[in-house]
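For any residue, its number in my numbering is found by taking its place in the sequence shown, counting from 1, and adding 126. Ideal Cβ positions, reconstructed from N, Cα and C, are used throughout, including at glycine. No experiment lies behind these values; they were computed from the predicted model shown. Working notes, structure below.
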Amino acid sequence: MLLAAIGLYGVMAHAVTRRYREIGIRMALGAKSGSVLWLVLRDTALMIGIGACIGLPAALALTRLVSSFLYGLTPQDPLSIVLATLGLIVVTAVAGYIPARRATHVDPMIALRYE
């Protein structure tokens, strides 16, 4: 879970850095910090949705491969799958929120001169 959190934070921080100039222009034109926060969090929510739509069926399809590694659980234990999915959703949301929050503090003049 820690490795997933670090990787997702890196991806989201990179995505925000790539959009630094765009965010600066939006802030210079009068965008509120809430709208910039939502702009970045919307991308995070899209990533969560796509990951869940691909990951859940793949995890259910590959349960036979990992069934020998599970002790005390059935391969398709609904509680374990739901808890793991919710855990990854929370980690992804937090990993997206930190760069999004930092993007709301962008100084428009510095962002326009960026690169």
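For this session: Compute the Euclidean distance between the alpha carbons of I224 and I176, then round it to the nearest angstrom.
Result: Counted from its first residue, the sequence shown places residue 224 at position 98. Counted from its first residue, the sequence shown places residue 176 at position 50. Distance from the CA of I224 to the CA of I176, rounded to the nearest whole angstrom, comes to 20 angstroms.
For this session: Look at the alpha carbon of A221 and the alpha carbon of G160, and state the distance between them as a whole number of angstroms.
Result: For the purposes of this step, residue 221 is taken as residue 95 along the sequence shown, with counting starting at 1. For the purposes of this step, residue 160 is taken as residue 34 along the sequence shown, with counting starting at 1. A221 and G160: Cα-Cα distance of roughly 17 angstroms.
For this session: For my contact list, G150 and V232 are in at a C-beta cut-off of 8 angstroms; report their separation, rounded to the angstrom.
Result: Locating residue 150 in the sequence shown gives position 24, counting from the first residue. Locating residue 232 in the sequence shown gives position 106, counting from the first residue. Correct: roughly 5 angstroms between the Cβ atoms.
Problem set entry | Of the listed residues G213, A187, R239 and A131, nearest to Q202 (C-alpha basis) | Within the sequence shown, the letter at position 76 stands for residue 202. It is A187.
Exercise. From this set, G136, A219, A226 and L238, which residue's C-alpha is nearest A178's C-alpha?
Worked result: Taking the first residue of the sequence shown as position 1, residue 178 is located at position 52. Answer by Cα proximity: A219.
For this session: Take every Cβ of the segment 206-220, pair it with every Cβ of the segment 131-147, and state whether three or more of those distances are shorter than 8 angstroms.
Result: Short answer: they touch.
Exercise. Buried or exposed: I174, going by 16 or more other Cβ atoms within 10 Å of its Cβ?
Worked result: Within the sequence shown, the letter at position 48 stands for residue 174. It counts as buried.
For this session: Scan the segment 150-199 and note each continuous beta strand (DSSP E) run of 3 residues or more that stays entirely inside, going in chain order.
Result: Whole beta strand (DSSP E) segments, 3+ residues: zero.
Problem set entry | L214 and A130 closer than 8 angstroms at C-beta | The count along the sequence shown starts at 1 and reaches residue 214 at position 88. The count along the sequence shown starts at 1 and reaches residue 130 at position 4. In this structure, A130 lies closer than 8 angstroms to L214 by Cβ.
For this session: Put T218 into one of helix, strand or coil per three-state DSSP.
Result: Mapped onto the sequence shown, residue 218 falls at position 92. Note: T218 maps to helix in three-state DSSP.
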